[in-house]
Amino acid sequence: MAPSAGYTSIPAFLCLIFVWATTASGTPKDIFTEELFIKPLSRGYVYSHFQFTTKWNASIHDSNTFRHYRLFPKALGEVLAKYGVQELHLSQTQGLWRHKFWGYPVHDAPPGAELWVWFKPTVKDIDRAWTELVNAVSGLFCSSLNFLDSKNTVVPQWSYRPQGTAAPGYSTFSYHVRYGALPREIVCTENLTPWKKLLPCDSKAGLSTLFNAFHFHDASYHSLGLHIRPVCADVDCTEEAIELSQSLSVVTDVISTSHTGTPNWSLRSLFGNHLASTCPVAAKSTIFVELTKNEDSHMYRLTPDPSSTEKVTRGPDQHTYAVYDVQSLMKSGRVLNIAATFRDPPVLLSVEPPPIHVHRYITGYGLDKGGISCLIYNNMVVNQSIIYLDVLPWFTRVFFNSLTVTNNGTRLPFKVHYVPGKDRSRPHQLELSFNLWPHSVTQVSFTFTRAFLKWTEYPPDANHGFYIDSATITAILATSRGYTATPQHSSCLESIMTDNSSRFPVRLHTESLLVSLPTPDFSMPYNVICLACTVVAIAFGSVHNLTTRRFEKLDPSAKKGILTKVKGFLSKLRSKKASPEKQTNNASHPEDTDTSDNQNELKNENSSAKSSS
Amino acid sequence: SLSHQIVQLVKDATRDAAVVKSFEAAKGLRSQRPDKDIMRSYRFHPSYDITFTLIVPEPQNVNVEWDIEAGTRDYLQPLLDSLLEYTSISVTSQVLYLVSLGGKPKKGDNFYYYTEQDLPHIINPLETKLGSHASNSPALNFIVGIPTQDRSPLYILDSNGEKLPSNAFLSPRWGGILIYNAEQDNATISSSPAQSIQVNMHRVMEVFVSQIRLLLNIHAQMVTKELKWEIAGWLRCRCVENLATATSTLQSLAQLLEEIGNIVISDEIGKEVESAVASIKNSRQLLASGKLREAFQTAFFHPSLLELLYFPEDQKFAIYIPLFLPISIPIVMSIMQAVKWFKQQKKAKSE
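Line by line, the protein sequences give chains A and B.
Just so you know, we're using the numbering used here here: the first sequence kicks off at 1 and counts up by one.
Just so you know, we're using the numbering used here here: the second sequence kicks off at 614 and counts up by one.
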């Protein structure tokens, strides 16, 4: 936009000033927003979702980007730069999200840890990059993600598509994606602390001061999420940006954990603290409360009054949100404690099943064979096509010919991508795509046989069993009933207010399963050693003593040592107990007494030898 | 005499004393006295990570900007470029909010100060945020700390009670910390509701570049300020250091193998040992003939950590005892009795 010289000099001068003014004020390199989303669920549960989004106006493909950091955490940026990561999605969850009662969360996560990564096209050896990345991320978050090796990593063909911007044709053949999950992984404060450290304000100011480890680990469900993806910097999409979204979701059972047994909740009762500060480097700090079935406050009333109430139409459904602009509400140093008071007697939200929900379980009995069945419920009046991904470890050997997809007895056609597993190197991967009929239950089932592992491959608690990863169901819904996720272009919850999309992608994770394998008795080596050694010692000792016993005459007048005195006393006791008559007989035959005494003393020698062995 | 002076001059120019010191330190001789130079500087490594951190404890009160990219480009890049052949140095920077310098500064006339004893405590609260999960290179951390508004201005006093002109200190083999007082350091300040500070990069970088030199053991030449001569002197030190480290590592490895007989050594390590010995011989020859650069390359090669994978003697003992002890006791006793009997027989015979 070089200004033309000549008679347009004055407007050109103004133009120049305008350009200078904008560059002098500086386009912000990165923007940080913190948001909290609270949604009351049915039966007195409350879903709270913290969302911390950093949007950095830099390109992830540029090698100079990851050198100078401001709000984006340096520890994370170095890992991304070194291993050529384009998208990274990590979730660590404790508990199971119950879709049937709670609807859909903002980010769905399976129990345990899950990591899936799209690498840049410039990365040559993706398996090696995956191994090194997994080790670096496990160090960064203090979790054992380094166990994600080839035995539990797969390349999903149709699920887990890139969520950010990418070059056209990038994801066609799925060369660059890796997915792995560890259902056994436990989430505790050890994982919360390094996750908190990545926030610009740590937990010293802003919404992160509400983090209270005690309350979180008491909750029915809590999940830490970290999502990095390239996005468009603005609506025109002329520039690239990197978006880091850190999320913490908690579902609290308010009725059970409150002292009064009422479903009233507040920031104080949910998190142990009211909000006393905002993060100084945050551009925006907002709290959203979803009021969808309660627009007229007939169930509960919110205090203080929200800054604004937004009615949003997403697809065919309408949602209402109460918006609190925290920065303006806390301007004069006040504290903020949002509370919901239910009327007396309380009326709770009714359970409304979401469009799709799933239930997966193990079938069969014994330690030889088994089966997996997955029931997928479709509560809509239209067909819905879904993609089903299931990853089974190599030791549950799947019979592919037993795979059926049925709906009330009728077999459905399906498209399948199946990669059979290889012992000790590759898991079984099953990806199906089929249609769900309206108002029906579809069942996916197959059988497997259990392998016998080598004795070093059992975990320390072998009889606990082995975990099977959650299955993933991906679908694009036309309705937003129970839907809380943000639109595709931004992870900020604020973008929900201006959402005009008509398609809502959703991902569901099922339960993770626990399967018992034939387990040997690990105490056997110890038992065998004990038994064998005892038998050998006793048998050998006795036989040896019998064969090498020599009788020698003892001199009764010789001085007796203490040992022989004790032995003599003991033998006298024994003979007294055994036969009082014999003693009288012995008394009349003194020579016999001698030999019997000798015999007793010899016996004692041998028995003491035995006891010492 | 003149020849004597010339020799002395050349020795200074080539940093002879420093070379000898490096050699002895790398060999690990215990008899040497602790030396500041050796204790302060990093050992040689093919790559280093330099991180510049800006600490802003109260972002709600001050709005700090620093153009670190331009600063490193203008002040640090010449040094890094000249070292590019021998070691790769990566430079990163970050800003940490709501973190403050540790320790408790004391109150002076109308300023606050740290004494020499307080300095080790300053680094503690920062350590958790420094460090990299993605690289193993030794890290040099340089920190610019903005004091909080109620503890400002903040100075460091030396042992005489005088304010340090640079207001910075160096931590051996770790990095350096500079406390930046906005009013005194020619920062451009504008007082809107939040005080806005633009950090003066010249002031900050001149301190840090000199600290980097000390930490990497690149000394300014007394005779001339030529960068090339500095690099040559540094190369000499490093070369000698690598040679000494390699020979001492090999010696200790040989000693270890002698002591523990049944260690399992993988073939890789064996190959590395052989190549290390070859490199040492090669670089010695090159040094003698004056080819500094090649000698440097080959001298840096020493065996990596060893995996101890052997069956300890005492464990073997513990496994076999439950089986052999019960068997051996009667046998031993019988043997003793048999010996006694033989002795008796001998006695009887001799009588």
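The C-beta atom is built at its ideal place from N, Cα and C for all residues, glycine as well.
Keep in mind the model is a prediction, meaning the values are calculated, not measured.
Completely contained alpha helix (DSSP H) runs for the region 510 to 580 of chain A, where each covers 4 or more residues: 524 to 548, 562 to 578
What residues in its chain sit with their C-beta under 6 Å from that of H417 of chain A, if we drop five residues either side in the sequence? For this step, residue 417 of chain A is matched to residue 417 along the first sequence. Hits under 6 Å: Q157, E431.
Which of the three DSSP states, helix, strand or coil, is assigned to M1 of chain A? On the first sequence, residue 1 of chain A is found 1 positions in, with the first residue counted as 1. For M1 of chain A, the pLDDT reaches just 39, beneath the cut-off of 50, and the residue's location in the model is therefore unreliable, although a value from the coordinates is still provided. Coil.
Using the rule of at least 16 other Cβ atoms within 10 Å of the residue's Cβ for burial, across every protein chain shown, is P73 of chain A buried or exposed? As a working mapping, residue 73 of chain A is identified with position 73 in the first sequence. So P73 of chain A ends up on the buried side.
Cross-chain neighbours of Y69 of chain A in chain B, by beta carbon under 9 Å: Locating residue 69 of chain A in the first sequence gives position 69, where the first residue counts as 1. Per Cβ cutoff of 9 Å: T705, S706, Q707, V708.
Beta-bridge pairing of S941 of chain B - partner residues as DSSP gives them: Sequence index remark: in the second sequence, residue 941 of chain B carries index 328 (1-based). Paired residue(s): none; S941 of chain B is not in a bridge.
Pick out whichever of A:T341, A:H319, A:S328, A:T262 has its Cα sitting closest to the Cα of S297 of chain A. Within the first sequence, numbered from 1, the residue matching residue 297 of chain A stands at position 297. Closest option to S297 of chain A, Cα to Cα, is A:T341.
Give me whichever residues DSSP pairs with V358 of chain A in a beta bridge. Taking the first residue of the first sequence as 1, we reach residue 358 of chain A at position 358. V358 of chain A pairs with A:I376.
How would you label L531 of chain A, buried or exposed, when you count the other beta carbons within 10 angstroms and need 16 or more for buried? The count along the first sequence starts at 1 and reaches residue 531 of chain A at position 531. Here L531 of chain A is exposed. Its C-beta has fewer than 16 other C-beta atoms within 10 Å.
Mind checking if A136 of chain A is an interface residue toward chain B, Cβ cutoff 8 Å exclusive? Translated into positions along the first sequence, residue 136 of chain A becomes position 136. Yes, A136 of chain A counts as interfacial toward chain B.
Whose C-alpha, out of A:T309, A:T257, A:D325, A:N378, is nearest the C-alpha of S277 of chain A? Residue 277 of chain A sits at position 277 when you count from the first residue of the first sequence. It is A:D325.
Where the beta strand (DSSP E) containing A339 of chain A begins and where it ends: Walking along the first sequence from the start, residue 339 of chain A turns up at place 339. Start and end: 339 to 342.
Determine the DSSP secondary structure at K719 of chain B, reduced to helix, strand or coil. In the second sequence, counting from the first residue as 1, residue 719 of chain B sits at position 106. Three-state result, K719 of chain B: strand.
Could you pull the start and end residues of the alpha helix (DSSP H) that N135 of chain A belongs to? As a position in the first sequence, residue 135 of chain A is number 135, starting the count at 1. It spans 126 to 141 - the alpha helix (DSSP H) in which N135 of chain A sits, taken as one unbroken run.
Give a yes or no on whether the minimum CB-CB distance between G84 of chain A and chain B is below 8 Å. The residue you call residue 84 of chain A lines up with position 84 of the first sequence. Output row for G84 of chain A: interface = no.
In whole angstroms, what separates the C-alpha of L601 of chain B from that of T862 of chain B? The structure shown does not extend to residue 601 of chain B, since chain B is modelled only from 614 to 964, so the question has no answer here.
Going by DSSP, what residues sit across from I387 of chain A in a beta bridge? Against the first sequence, residue 387 of chain A aligns to sequence position 387. In DSSP, I387 of chain A forms a bridge with A:S433, A:T474.
Going by the CB atoms, is the gap between L148 of chain A and L210 of chain A shorter than 8 Å? Position 210 of the first sequence, counted from the start, is the residue given in the question as residue 210 of chain A. Position 148 of the first sequence, counted from the start, is the residue given in the question as residue 148 of chain A. No, these two residues do not count as a Cβ contact at 8 Å.
Can you list the residues of chain B that D202 of chain A reaches, using a CB-CB cut of under 7 Å? Sequence index remark: in the first sequence, residue 202 of chain A carries index 202 (1-based). Within 7 Å Cβ-Cβ: L711.
Of all Cβ atoms in chain B, is any one closer than 8 Å to the Cβ of P280 of chain A? For the purposes of this step, residue 280 of chain A is taken as residue 280 along the first sequence, with counting starting at 1. P280 of chain A counts as touching chain B.
So, helix, strand or coil for Y83 of chain A, using DSSP? Looking up residue 83 of chain A in the first sequence gives position 83. If DSSP states are grouped into helix, strand and coil, Y83 of chain A belongs with the helices.
Min CB distance Q864 of chain B to chain A below 8 Å: Locating residue 864 of chain B in the second sequence gives position 251, counting from the first residue. With a threshold of 8 Å between beta carbons, Q864 of chain B makes no contact with chain A.
DSSP has R507 of chain A in a bridge; who is on the other side? Taking the first residue of the first sequence as position 1, residue 507 of chain A is located at position 507. Looking at the DSSP output, R507 of chain A bridges to A:T474.
CB-CB under 6 Å to P162 of chain A, same chain, minus the five flanking residues each way: which ones, in chain order? Counting from 1 along the first sequence, the entry for residue 162 of chain A is found at position 162. Same-chain partners within the cutoff: E87, W118, S171.
Can you give the Cα-Cα distance for L689 of chain B and R826 of chain B, rounded to whole angstroms? Numbered from 1 along the second sequence, position 76 holds the residue referred to as residue 689 of chain B. Numbered from 1 along the second sequence, position 213 holds the residue referred to as residue 826 of chain B. If I take the Cα positions, the gap works out to 11 Å.
Can you tell me whether DSSP reads V712 of chain B as helix, strand or coil? Position 99 of the second sequence, counted from the start, is the residue given in the question as residue 712 of chain B. Of the three classes helix, strand and coil, the one that applies to V712 of chain B here is coil, per DSSP.
Could you tell me which whole beta strand (DSSP E) segments of length 3 or greater appear in the region 281 to 313 of chain A? 284 to 290, 300 to 303
Does the region 682 to 699 of chain B touch the region 728 to 737 of chain B, meaning 3 or more C-beta pairs lie closer than 8 Å? no
When the Cα of S440 of chain A is compared with those of A:D423, A:R424, A:T410, which residue comes out closest? Residue 440 of chain A sits at position 440 when you count from the first residue of the first sequence. Of the listed residues, the one whose Cα sits closest to S440 of chain A is A:T410.
Collapsed DSSP secondary structure at Q864 of chain B in the structure displayed: What you label residue 864 of chain B is simply residue 251 of the second sequence in a count that begins at 1. Reduced to three states, the DSSP call for Q864 of chain B is helix.
Consider the Cβ of F693 of chain A: report whether some Cβ of chain B lies at a distance smaller than 8 Å. In the structure as shown, chain A starts at 1 and stops at 613, and residue 693 of chain A therefore has no counterpart that could be examined.
Who does D253 of chain A pair with in a DSSP beta bridge? Counted from its first residue, the first sequence places residue 253 of chain A at position 253. Looking at the DSSP assignment, D253 of chain A forms a beta bridge with A:Y45.
Do the region 743 to 750 of chain B and the region 758 to 773 of chain B make contact, defined as three or more Cβ pairs closer than 8 Å? At 8 Å Cβ cutoff, the stretches do not touch.
Rounded C-alpha distance that separates F914 of chain B from A889 of chain B: Walking along the second sequence from the start, residue 914 of chain B turns up at place 301. Walking along the second sequence from the start, residue 889 of chain B turns up at place 276. Residue placement at F914 of chain B is poorly supported in this model, since its pLDDT is 47, which falls under 50; the coordinates still yield a value, given next. So the alpha carbons of these two residues sit roughly 6 Å apart.
Per-residue contacts from K197 of chain A into chain B (C-beta, under 9 Å): In the first sequence, the residue the question calls residue 197 of chain A occupies position 197. Here the neighbours are T741, K742.
Closest Cβ-Cβ distance between A75 of chain A and chain B: below 8 Å? Position 75 of the first sequence holds residue 75 of chain A. True, the Cβ-Cβ gap to chain B drops below 8 Å.
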